Each structure stands twice: as structure tokens, then as C-alpha cells.
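Residue numbers are given in numbering that gives the first Met the number 0: position 55 of the sequence shown equals residue 54, and the series is strictly consecutive. Below is one structure, written out as C-alpha cells, with a few remarks after it.
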Amino acid sequence: MSRHTQKIDLTDFQDHAEISRDQIKKLWALFSQIQFNLKQEKVHPSTVQLAEIGNFLADMWAYDNKELYDQITNQLEETPNE
0 MSRHTQKIDL
10 TDFQDHAEIS
20 RDQIKKLWAL
30 FSQIQFNLKQ
40 EKVHPSTVQL
50 AEIGNFLADM
60 WAYDNKELYD
70 QITNQLEETP
80 NE
């Protein structure tokens, strides 16, 4: 009985994680600027809270993405080049 396993190219995932990380930084900067502008305009507090929620979600996404990126990078470093 032969077993066929498909090798996954982790560098594809690493590239995707790097792109996602850059997008997350831009998203966080956007929400930070929105939050700053809203505070300057003295708008309704719930509007500022929406920007804070956006920042929170971007932070969560960034944390999850960093964990995934680190795991992939570690696996790539441990895998001998073939």
C-alpha cells in the first residue's frame, strides 16, 4: 500500500502572512486616524467607540497573523532544503 503525501510550500503562506501584516498595519493606522479625527471634532462618543472597536479588531487580527507567521517561519527554518 503506497501513501502519497502532498508537500505544502510554506513559503506561500509566509508570503501571504507578510502581505497581511502590512495590510493590518495600514488598517490600524486608518482606524487610529479616524479615532483621532473624531475626537478633534467632538462627535458622539459611540462614533469614537466604533473606531476603537476597529482598532481592537485590527490588533486581534495582527496578533493572530503574527502567531501564524512565526509558526510558519519556524517550520521553514527547521525543514531542510530539498
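Backbone N, C-alpha and C define an ideal beta-carbon position, used for all residues, glycine too. Owing to the predicted nature of the structure, the values given are computational and were not obtained by experimental measurement.
Q | Between the CA atoms of E77 and K25 - distance to the nearest angstrom | A | Reading the sequence shown from its first residue, position 26 is the one you call residue 25. Reading the sequence shown from its first residue, position 78 is the one you call residue 77. Each residue's alpha carbon lies about 31 Å from the other.
(Q) Looking at F30: is its Cβ nearer than 7 Å to the Cβ of A61? (A) Here residue 30 refers to the residue found at position 31 when the sequence shown is read from its first residue. Here residue 61 refers to the residue found at position 62 when the sequence shown is read from its first residue. No; because the gap between Cβ atoms is not below 7 Å, this pair is not in contact.
**Q.** Under the three-state DSSP convention, the category V42 falls into
**A.** Residue 42 sits at position 43 when you count from the first residue of the sequence shown. Correct three-state label for V42: coil.
Q. Secondary structure at T72, three-state DSSP: helix, strand or coil?
A. By 1-based counting over the sequence shown, the position of residue 72 is 73. Helix, per DSSP.
Q: Measure how close the beta-carbons of A28 and N64 come, nearest whole angstrom, since I'm counting them as under 8 Å.
A: Start at 1 with the first residue of the sequence shown, and residue 28 comes out as number 29. Start at 1 with the first residue of the sequence shown, and residue 64 comes out as number 65. That belief does not hold up - the Cβ atoms of A28 and N64 are roughly 16 Å apart, past 8 Å.
Q) What number of angstroms, rounded off, separates the C-alpha of Q39 from the C-alpha of Y68? A) Indexing the sequence shown from 1 puts residue 39 at position 40. Indexing the sequence shown from 1 puts residue 68 at position 69. Cα to Cα, the separation comes out at about 36 Å.
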